[in-house]
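Inspection log for the structure reproduced underneath, given as structure tokens.
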Ligand code: NAD
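In this note's numbering, the protein residues as written are -4 to 278.
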């Protein structure tokens, strides 16, 4: 069975890694071969770390590494795929165009997944010739560690595709929650709201970032506070989602706080740029 992952960034390299570890022949695609290869290299580094920490056997690492390859060409990569998953940036037109290219070249009966955090699966389906095979496969960061996948049923998704999606989730050893298509699904709608409220509290001077985070980590047993989590996800990613939810749901509590707009405009996108709500330059 063959999985093709389009987009080799924060999420895509992890999706490729867990697919290869589950025994799928896996192709990592990006806009250029260098970017696709960088995604594969990142997945291999995660596997090496897993070996060092005793979480992955040497045999499992070697088998996964042998199943992974890079490509910069969607049509030739997907032509014999069983499952194609896109993890390109959270922009509707970009995702529609990438999905349409995959849909036009992949075999009839193959599953097409989108790792969107919030965009409407039904809107993505509307751009395609075979909308019934599209499902949301919403992975969580870091993909090789987080157990959850939100499986999103679009209005046009058929049951065969839902069954195939749930079988894929089970084979890669993750847990599924099934959600009907709705802006932000279950996770982003709740999780982003918490992050936005934490930012407003920071703006109002209610407490320091570290204290807001520790309040939820210790008081409510969240494994990570909402501001630190925003730094890991990427402030730009969270801002895109907040704008989208604000537009779609019309609720004032999804309006992006000024502090988020300002940090993104200044290029402070979180851990990936060394600064967000925290200073990551030493880590
Ligand atoms: P990212 O920016 O780290 O990676 C996106 C990758 O897509 C880049 O490598 C980019 O070169 C590539 N790309 C762009 N256009 C392309 C094209 N036309 N063809 C092939 N590759 C292309 O983004 P990310 O954080 O991995 O997010 C990807 C998706 O996953 C988004 O929809 C995001 O909302 C979702 N998501 C992100 C997180 C997170 O924690 N970052 C969590 C869950 C879901």
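Idealized CB from N, CA, C, for every residue including glycine.
Requested in this report: Compare the beta carbon distance of residue 172 and residue 211 with 8 Å and say whether it is the shorter of the two.
Outcome: No, they are not a contact pair.
Query raised in the report: Cβ atoms of residue 272 and residue 225: under 8 Å apart, would you say?
Result: In contact: residue 225 and residue 272 (Cβ atoms closer than 8 Å).
Query raised in the report: Between residue 98 and residue 0, what straight-line distance do the alpha-carbon atoms span, to the nearest angstrom?
Result: When rounded, the distance between both Cα atoms is 13 Å.
**Report entry** Nearest candidate by alpha-carbon position, reference residue 230, set 218, 270, 250 and 243
**Finding:** The candidate whose alpha carbon is nearest that of residue 230 is 270.
Query raised in the report: So which of 62, 17 and 8 has the shortest CA-CA distance to residue 163?
Result: Looking only at 62, 17 and 8, the smallest Cα-Cα distance to residue 163 is reached by 17.
Report task. Given a cut-off of 8 Å, decide if residue 249 and residue 197 are closer than it, judged by their beta-carbon atoms. Result -> Not a contact, by the Cβ cut-off of 8 Å.
**Report entry** Contact set for residue 137: own chain, Cβ-Cβ below 7 Å, skip 5 residues either direction
**Finding:** Hits under 7 Å: 9.
Requested in this report: Express the C-alpha separation of residue 209 and residue 155 in angstroms, rounding to a whole number.
Outcome: Approximately 44 Å between the Cα atoms of the pair.
Report task. Give a single yes or no on whether residue 135 has its beta carbon closer than 7 Å to a heavy atom of the ligand NAD. Result -> Residue 135 Cβ: within cutoff of the ligand NAD.
Query raised in the report: Since residue 90 contacts residue 119 with CB under 8 Å, what's their CB separation in whole angstroms?
Result: Sure, about 6 Å apart at Cβ, within 8 Å.
Requested in this report: Give me the Cα-Cα distance between residue 219 and residue 228, rounded to the nearest whole angstrom.
Outcome: Taking the straight line from one Cα to the other gives about 12 Å.
Query - residue 102 versus residue 76 - alpha carbon distance - result: Approximately 7 Å, taken between the alpha carbons.
Requested in this report: Can you give me the Cβ contacts of residue 265 inside the same chain, cut-off strictly under 6 Å, excluding the 5 residues immediately before and after it?
Outcome: Answer for residue 265: 226, 229, 230 and 271, listed in chain order.
Requested in this report: Starting from residue 108, trace the beta strand (DSSP E) both ways and give me its first and last residue.
Outcome: If you look at residue 108, you'll find it in the beta strand (DSSP E) that goes 106 to 109.
Query raised in the report: Along the chain, where does the alpha helix (DSSP H) that runs through residue 279 open and close?
Result: This structure gives no information on residue 279, because the portion of the chain shown stretches from -4 to 278.
**Report entry** Backbone CA spacing between residue 36 and residue 6 [nearest angstrom]
**Finding:** The straight-line gap from Cα to Cα measures roughly 14 Å.
Requested in this report: Name the residue from 92, 183 and 261 whose alpha carbon lies nearest to the alpha carbon of residue 134.
Outcome: Among 92, 183 and 261, the Cα nearest to that of residue 134 belongs to 183.
Report task. Identify every residue that forms a DSSP beta bridge with residue 145. Result -> For residue 145, which the question treats as bridged, DSSP gives the partners 133 and 172.
**Report entry** C-alpha distance - residue 52 paired with residue 44, whole-angstrom precision
**Finding:** Looking at the two C-alpha atoms, the distance is approximately 11 Å.
Query raised in the report: Residue ranges of each alpha helix (DSSP H) run of no fewer than 4 residues wholly in the region 6 to 86, ordered along the chain?
Result: Positions of the alpha helix (DSSP H) runs, each at least 4 residues long and wholly inside the region 6 to 86, are given as 7 to 16, 28 to 47, 53 to 62 and 69 to 73 in order along the chain.
Query raised in the report: Cβ of residue 175 within 7 Å of any heavy atom in the ligand NAD?
Result: No, the Cβ of residue 175 stays beyond 7 Å of every heavy atom of the ligand NAD.
**Report entry** Residue(s) in a DSSP beta bridge with residue 223
**Finding:** For residue 223, DSSP assigns no beta-bridge partner whatsoever.
Report task. Take residue 237 as the anchor and find which of 207, 185, 276 and 206 has the nearest alpha-carbon. Result -> Taking only the C-alpha atoms, the option nearest residue 237 is 185.
**Report entry** Integer-rounded CB distance, given that residue 81 should sit under 8 Å from residue 110
**Finding:** Their Cβ separation, rounded to whole angstroms, is 7 Å, which keeps residue 110 and residue 81 in contact under 8 Å.
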